[in-house]
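There are 2 protein chains.
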Amino acid sequence: MSQSKRAELIRKALLLFYRNGFHATGMDLVAKETGVSKTSIYKHFRTKDELILAVLRLRDEEFRNWLFRRMEELADTPQGQLLAMFDALEEWFLEDGFKGCMFIKASAEFQNPDDAINAQAYAHKRMLVDHFENLATHAGAENPHALARQFLLLKEGAIVIAAMSHSESAAREAKSVASLLVASGLVGTQRTA
Amino acid sequence: MSQSKRAELIRKALLLFYRNGFHATGMDLVAKETGVSKTSIYKHFRTKDELILAVLRLRDEEFRNWLFRRMEELADTPQGQLLAMFDALEEWFLEDGFKGCMFIKASAEFQNPDDAINAQAYAHKRMLVDHFENLATHAGAENPHALARQFLLLKEGAIVIAAMSHSESAAREAKSVASLLVASGLVGTQRTA
DNA sequence: GATTATATTGACCGATCAGTCAATGTGAAG
DNA sequence: CTTCACATTGACTGATCGGTCAATATAATC
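Chains as they are written, first to last, in the working numbering: chain A, 1 to 193; chain B, 1001 to 1193.
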């Protein structure tokens, strides 16, 4: 199987898992929708869980690239970019196929802490908070780590509520809280945009 | 089937669904664990989805009773009770069997907006925000509805992160943000505990 | 063009899925 | 004690689950 074929398989599997859920999506459906026989799939992924892990790796890469790039496009300063995250989220919530966060859902369906899927889902969140902390540091926050964790809190809350309510308004609500946090946590430092 | 037997069945099914997930829990397992034959279960619940709906009704009632009572026990004033929610959440996160929010997980596994399970899961969150808004009003908040939505945001974010990270620290982080919100949104009104 | 190594396949495995049915057990009314 | 309405059961359905295997197609090597 060529590398491009393999990538396409993972991308199509991602859509199926994202739309229908992990347990609810059978490997027969994956085979049918990708046009690759089940035997071939199992030649490249030893188990369904391994395919899911590959899907999560792709999602992690794509989502990170998209979010961080969008934050940079929307603002010039570190603190502006932190706040712009919620504008980016709002755009995401408004997309047609939006169905919540794939990692939250993966963690919800594979709850065992020893499960590799569970661990990988949380690793995505740790990667996010690291990025936030980096930005917060450059923004001159009093406590960059604490601020980053609070931003993650707001982001996850907004995603969950947006997915459950089928509305994008949580993004703006989260941003208003985030603005307050930034204003509070950067007191005494430069606050210019 | 007596009312108590039925209630016990739902309670045991709740534990199974909460621990293993909805799709991952088969009706044969429910029958085995409850000691009630599958035929009998289907005499009282026409489909698995109806059993899940009954489970969610029980969870809604139990969680609401527990949370609201705990908030009242931990504080005397409306605004104190709002902040005490996060102390109650921390207690929950530290419980042995904590596995996240059942409604978030239900919404994640049944994503179709037309699905009754999806709708009922969101109804639970609307019930919560109504209660928060009521407390915020009595606390003299400038914009009770906005404050209630922000509290929901923090609560859902804290639950998701606590479940994914297998740690209770998100509760304190959310409370610190909530304190800032209360201090900010109640400016000009009484702020005594 | 023959040989060989590798991809790919449809058919199949036992287990489990949600849900059903004929048969049996049970308790109250007569 | 009999009857009758109803609750409960184990065994079963066709479909689907994750995963496998012998056979075939394909492509590279000589």
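C-beta: ideal position from N, C-alpha, C; glycine also. Here the structure is a predicted model, which means the values were calculated and not measured.
Kindly indicate which three-state DSSP category residue i falls into: helix, strand or coil?
i, result
"residue 1 (chain A)", "coil"
"residue 165 (chain A)", "helix"
"residue 1106 (chain B)", "helix"
"residue 30 (chain A)", "helix"
"residue 12 (chain A)", "helix"
"residue 141 (chain A)", "coil"
"residue 20 (chain A)", "helix"
"residue 155 (chain A)", "helix"
"residue 1178 (chain B)", "helix"
"residue 1111 (chain B)", "coil"
"residue 1100 (chain B)", "coil"
"residue 1035 (chain B)", "coil"
"residue 186 (chain A)", "coil"
"residue 1006 (chain B)", "helix"
"residue 1193 (chain B)", "Residue confidence is low: residue 1193 (chain B) scores 45 on pLDDT, short of 50, so the model does not pin down where it sits. Its coordinate-derived value is still stated next. Coil at residue 1193 (chain B), not helix or strand."
"residue 1173 (chain B)", "helix"
Could you tell me the boundaries of the alpha helix (DSSP H) in which residue i lies?
i, result
"residue 56 (chain A)", "48–74"
"residue 118 (chain A)", "116–138"
"residue 40 (chain A)", "38–44"
"residue 94 (chain A)", "78–94"
Among the options, which residue has its Cα nearest to the Cα of residue i?
i, options, result
"residue 102 (chain A)", "A:9, A:62, A:33, A:32", "A:62"
"residue 1057 (chain B)", "B:1186, B:1005, B:1014", "B:1014"
"residue 1177 (chain B)", "B:1021, B:1071, B:1150, B:1116", "B:1150"
"residue 53 (chain A)", "A:124, A:34, A:97, A:72", "A:124"
"residue 1073 (chain B)", "B:1088, B:1095, B:1064", "B:1088"
"residue 5 (chain A)", "A:30, A:34, A:23", "A:34"
"residue 1111 (chain B)", "A:116, A:136, A:99", "A:99"
"residue 1064 (chain B)", "B:1077, B:1130, B:1181, B:1183", "B:1130"
"residue 1044 (chain B)", "B:1001, B:1146, B:1141, B:1152", "B:1001"
"residue 169 (chain A)", "A:120, A:90, A:117, A:139", "A:90"
"residue 133 (chain A)", "A:78, A:26, A:173, A:60", "A:78"
"residue 1104 (chain B)", "A:143, A:163, A:138", "A:163"
"residue 1113 (chain B)", "A:16, A:11, A:138, A:20", "A:20"
"residue 51 (chain A)", "A:86, A:84, A:186, A:116", "A:116"
"residue 1109 (chain B)", "A:141, A:47, A:38, A:160", "A:160"
"residue 122 (chain A)", "B:1154, B:1167, B:1092, B:1094", "B:1167"
"residue 186 (chain A)", "A:158, A:97, A:17, A:138", "A:138"
"residue 1127 (chain B)", "B:1039, B:1093, B:1024, B:1067", "B:1067"
"residue 59 (chain A)", "A:155, A:171, A:106", "A:106"
"residue 148 (chain A)", "A:96, A:85, A:119, A:8", "A:85"
"residue 1055 (chain B)", "B:1030, B:1173, B:1144", "B:1030"
"residue 83 (chain A)", "A:94, A:70, A:95, A:93", "A:70"
key: Contact set between the stretch 1122–1153 of chain B and chain A, restricted to residues whose Cβ is under 8 Å from the partner   = Interface annotation for the stretch 1122–1153 of chain B against chain A: 1122, 1125, 1146, 1149, 1150, 1152, 1153, criterion Cβ-Cβ distance under 8 Å.
task = Below 8 Å between beta carbons is the criterion; list the residues of the stretch 67–101 of chain A that meet it against any residue of chain B, in chain order.
result = If the cut-off is 8 Å between Cβ atoms, the stretch 67–101 of chain A has 99, 100 near chain B.
task = Output, in sequence order along the chain, the residues in the stretch 1016–1028 of chain B whose CB is closer than 7 Å to any CB in chain A.
result = Correct list: 1021, 1023, 1024.
ask   = the stretch 151–177 of chain A: which residues have C-beta closer than 9 Å to a C-beta of chain B, in chain order?
value = Only those residues of the stretch 151–177 of chain A whose C-beta falls short of 9 Å from the nearest C-beta of chain B are listed: 152, 153, 154, 155, 156, 157, 158, 159, 160, 161, 163, 164, 165, 166, 169, 170, 173, 174, 176, 177.
query = Between the stretch 106–117 of chain A and chain B, which residues of the former have CB atoms less than 7 Å from a CB of the latter, in chain order?
reply = Answer in chain order: 107, 108, 109, 111, 113.
message = Taking beta-carbon pairs under 8 Å, can you tell me which members of the stretch 26–59 of chain A lie near chain B?
response = Cβ contacts with chain B: none found.
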